[in-house]
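Reading through the C-alpha coordinates given below for one structure.
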Amino acid sequence: MMGGVNNAKDYIELMGFGYTTTVDGTPNTPVVTNSLLQGGIVSVYYLGTLCGALFGGWLGDRIGRVKSIAAGALWAVFGAALQCSAQNHNWMICGKTQASETFFTAKADKYSTLHQRYRNGYLECHCACMGHRNCE
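Counting from 1, position 10 in the sequence shown corresponds to residue 5 in the numbering used here; the numbering is continuous, with no gaps.
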(Lines of atoms letter the chains of each structure in order from A and count residues from 1; the text may use other names and numbers.)
(Lines give C-alpha, C1' and ligand atoms only; values in the text may rest on other atoms or scores of the structure.)
Protein backbone atom coordinates (compact mmCIF):
# COMPACT_ATOMS: atom_id res chain seq x y z
CA MET A 1 0.00 0.00 0.00
CA MET A 2 2.80 2.43 0.80
CA GLY A 3 4.06 2.11 -2.78
CA GLY A 4 0.99 3.96 -4.02
CA VAL A 5 1.13 6.48 -1.19
CA ASN A 6 4.84 7.19 -1.81
CA ASN A 7 4.00 8.22 -5.39
CA ALA A 8 1.28 10.71 -4.43
CA LYS A 9 2.22 14.33 -5.16
CA ASP A 10 0.80 15.81 -1.96
CA TYR A 11 2.35 13.11 0.23
CA ILE A 12 5.82 13.56 -1.30
CA GLU A 13 5.73 17.31 -0.75
CA LEU A 14 4.16 17.10 2.73
CA MET A 15 6.70 14.58 4.03
CA GLY A 16 9.54 16.50 2.40
CA PHE A 17 11.47 13.71 0.70
CA GLY A 18 11.13 14.93 -2.88
CA TYR A 19 9.01 16.71 -5.44
CA THR A 20 7.03 15.95 -8.57
CA THR A 21 7.70 17.19 -12.08
CA THR A 22 6.63 16.58 -15.66
CA VAL A 23 8.80 14.02 -17.46
CA ASP A 24 8.21 13.23 -21.14
CA GLY A 25 4.75 14.77 -20.99
CA THR A 26 3.72 12.78 -17.89
CA PRO A 27 2.73 15.14 -15.08
CA ASN A 28 3.37 14.46 -11.38
CA THR A 29 6.30 12.12 -11.88
CA PRO A 30 7.90 11.62 -8.45
CA VAL A 31 11.53 12.64 -7.94
CA VAL A 32 12.92 11.45 -4.60
CA THR A 33 15.69 13.62 -3.18
CA ASN A 34 15.92 11.97 0.25
CA SER A 35 15.57 8.20 -0.17
CA LEU A 36 16.74 7.57 3.41
CA LEU A 37 13.73 9.48 4.74
CA GLN A 38 11.35 7.80 2.31
CA GLY A 39 12.64 4.33 3.23
CA GLY A 40 12.72 5.18 6.92
CA ILE A 41 9.06 6.14 6.92
CA VAL A 42 8.17 2.81 5.31
CA SER A 43 10.51 0.57 7.32
CA VAL A 44 9.74 1.99 10.77
CA TYR A 45 6.76 -0.38 10.64
CA TYR A 46 9.10 -3.23 11.58
CA LEU A 47 10.35 -1.39 14.64
CA GLY A 48 6.76 -1.10 15.79
CA THR A 49 6.07 -4.79 15.23
CA LEU A 50 9.14 -5.68 17.32
CA CYS A 51 7.90 -3.50 20.19
CA GLY A 52 4.39 -4.91 19.75
CA ALA A 53 5.65 -8.49 19.91
CA LEU A 54 7.51 -7.85 23.14
CA PHE A 55 4.73 -5.82 24.74
CA GLY A 56 1.86 -7.92 23.36
CA GLY A 57 3.02 -11.14 24.98
CA TRP A 58 3.47 -9.44 28.32
CA LEU A 59 0.10 -7.71 28.07
CA GLY A 60 -1.67 -10.94 27.10
CA ASP A 61 -0.24 -12.69 30.16
CA ARG A 62 -1.11 -9.77 32.41
CA ILE A 63 -4.72 -8.96 31.46
CA GLY A 64 -5.80 -11.90 29.29
CA ARG A 65 -6.13 -12.59 25.60
CA VAL A 66 -9.47 -10.93 24.88
CA LYS A 67 -8.70 -7.75 26.81
CA SER A 68 -5.25 -7.45 25.21
CA ILE A 69 -6.76 -7.77 21.72
CA ALA A 70 -9.29 -5.04 22.63
CA ALA A 71 -6.48 -2.83 23.95
CA GLY A 72 -4.51 -3.48 20.76
CA ALA A 73 -7.50 -2.48 18.64
CA LEU A 74 -7.87 0.81 20.51
CA TRP A 75 -4.14 1.45 20.17
CA ALA A 76 -4.40 0.76 16.42
CA VAL A 77 -7.23 3.26 16.01
CA PHE A 78 -5.13 5.92 17.72
CA GLY A 79 -2.09 5.08 15.53
CA ALA A 80 -4.20 5.15 12.37
CA ALA A 81 -5.56 8.56 13.35
CA LEU A 82 -1.98 9.81 13.81
CA GLN A 83 -1.01 8.53 10.35
CA CYS A 84 -4.08 10.00 8.65
CA SER A 85 -3.52 13.42 10.19
CA ALA A 86 0.29 13.54 9.78
CA GLN A 87 1.59 16.93 8.66
CA ASN A 88 5.32 16.11 8.60
CA HIS A 89 7.63 13.11 8.54
CA ASN A 90 8.18 13.00 12.32
CA TRP A 91 4.45 12.79 12.91
CA MET A 92 4.11 10.04 10.29
CA ILE A 93 6.95 8.00 11.77
CA CYS A 94 5.33 8.13 15.22
CA GLY A 95 1.95 7.16 13.77
CA LYS A 96 3.34 4.24 11.76
CA THR A 97 5.31 2.95 14.75
CA GLN A 98 2.32 3.11 17.04
CA ALA A 99 -0.14 1.54 14.59
CA SER A 100 2.24 -1.29 13.72
CA GLU A 101 2.74 -2.20 17.38
CA THR A 102 -0.74 -3.71 17.40
CA PHE A 103 -0.01 -6.19 14.60
CA PHE A 104 2.02 -8.51 16.76
CA THR A 105 -0.11 -7.86 19.84
CA ALA A 106 -2.86 -9.82 18.14
CA LYS A 107 -0.44 -12.34 16.63
CA ALA A 108 1.23 -13.11 19.98
CA ASP A 109 -2.17 -13.79 21.52
CA LYS A 110 -3.06 -16.15 18.68
CA TYR A 111 -0.29 -18.52 19.75
CA SER A 112 -1.57 -18.61 23.32
CA THR A 113 -5.02 -19.76 22.21
CA LEU A 114 -3.79 -22.80 20.31
CA HIS A 115 -3.76 -26.09 22.14
CA GLN A 116 -0.20 -27.03 23.18
CA ARG A 117 -0.06 -29.97 20.76
CA TYR A 118 -1.12 -27.85 17.77
CA ARG A 119 0.84 -24.78 18.80
CA ASN A 120 4.15 -26.65 18.62
CA GLY A 121 3.34 -28.01 15.18
CA TYR A 122 2.19 -24.59 13.98
CA LEU A 123 5.34 -22.88 15.22
CA GLU A 124 7.56 -25.57 13.70
CA CYS A 125 5.83 -25.17 10.34
CA HIS A 126 5.96 -21.38 10.58
CA CYS A 127 9.66 -21.41 11.45
CA ALA A 128 10.49 -23.90 8.71
CA CYS A 129 8.76 -21.71 6.15
CA MET A 130 10.63 -18.67 7.41
CA GLY A 131 13.99 -20.49 7.26
CA HIS A 132 14.73 -20.63 10.98
CA ARG A 133 16.64 -23.70 12.09
CA ASN A 134 15.95 -23.70 15.83
CA CYS A 135 12.58 -22.38 16.81
CA GLU A 136 10.78 -23.32 19.98
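The C-beta atom is built at its ideal place from N, Cα and C for all residues, glycine as well.
Annotated as proximal: Gly90 and Leu77, with beta-carbon spacing under 8 Å.
Of all alpha-carbon atoms in Ala81, Asn83 and Glu96, the one lying nearest the alpha-carbon of Ala66 is that of Glu96. Scanning Phe50, Asp56, Leu49 and Gly11 for the CA closest to the CA of Ile36 turns up Gly11.
Under the three-state reduction of DSSP output, Thr15 falls in the strand class.
Setting aside the 5 residues that flank it on each side, Val27 is surrounded in the same chain by Phe12, Gly13 and Gln33, each with a C-beta closer than 7 Å to its C-beta; the list follows chain order. Within the same chain, Cβ atoms closer than 7 Å to the Cβ of Tyr40 are found at Lys91 and Ser95, the five residues on either side in sequence being excluded.
The shortest C-alpha to C-alpha distance from Trp70 to any of Thr44, Thr15 and Asp19 is the one to Thr44.
Here Thr44 carries a helix assignment [DSSP, helix/strand/coil].
Cβ neighbours of Gln93 within its own chain (closer than 8 Å, five residues either side excluded): Gly43, Trp70, Phe73, Gly74 and Leu77. Burial of Met87 is indicated by the presence of at least 16 other C-beta atoms within 10 angstroms of its C-beta.
Distance between Thr21 and Ser80, taken at the CA atoms: about 29 Å.
Counting the other Cβ atoms within 10 Å of the Cβ of Leu54 gives 16 or more, which makes it buried. Contact between Leu9 and Gln82 holds, with the beta-carbon distance rounding to 7 Å and staying under 8 Å.
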